[in-house]
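Peer 1: In this note's numbering, the protein residues as written are 3 to 100. Here it is: the structure, laid out below.
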Amino acid sequence: MNLITRMILVLVVIGVVSGGGLAILFAWADPIIQNNAKEETKLAIFQVVPKAVAYEKLEKAPFEAYVVYGDAGKKEVVGYALPTVGTGFQGNIKLIIG
Numbered sequence: 003m004n005l006i007t008r009m010i011l012v013l014v015v016i017g018v019v020s021g022g023g024l025a026i027l028f029a030w031a032d033p034i035i036q037n038n039a040k041e042e043t044k045l046a047i048f049q050v051v052p053k054a055v056a057y058e059k060l061e062k063a064p065f066e067a068y069v070v071y072g073d074a075g076k077k078e079v080v081g082y083a084l085p086t087v088g089t090g091f092q093g094n095i096k097l098i099i100g
């Protein structure tokens, strides 16, 4: 085997191992990250709408929006919560409007 073929083979093996490792790490970490994002949204909704007891996502809205209820039976609507993103100087700023 000449030098060029060995170099290409080594680079391919390194690429496959690195890509596989990243894929496994992503598959492990993504559910945890999604769960933490949902918890942050939940806490933010309860801070923005102080009388909130329960909430549910509006599926019909073309954007992300939540109906906030004042009772556990979800009959008394006390407000709405709308997550949004604004641009800051060095990155995006996530806000919830309620």
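Yeah, the Cβ is synthetic: ideal placement off N, Cα and C, and Gly gets one too. This one's a predicted model, so the numbers in the text were calculated from it and none came from an experiment.
1) Pick from L84, F91, Q92 and G88: whose alpha carbon is nearest that of I112?
2) Going by DSSP, what residue range makes up the alpha helix (DSSP H) through N38?
3) Among G81, A25, K76 and A67, which has the Cα closest to the Cα of P52?
4) Exposed or buried, what is V12 when buried is set at 16 or more other beta-carbons lying within 10 Å of its beta-carbon?
5) If I measure Cβ to Cβ from E78 and keep anything under 8 Å in the same chain, skipping five residues before and after, which residues do I get?
6) Which term fits V50, buried or exposed, when burial requires 16 or more other beta carbons within 10 angstroms of its beta carbon?
7) Would V69 and E61 qualify as a contact pair, given that the criterion is a beta-carbon distance under 8 Å?
Peer 2: To lay it out plainly:
1) In the structure as shown, the chain starts at 3 and stops at 100, and residue 112 therefore has no counterpart that could be examined.
2) L5 to V50
3) G81
4) exposed
5) Y71 and G72
6) buried
7) In this structure, the beta-carbon distance from V69 to E61 does not fall below 8 Å.
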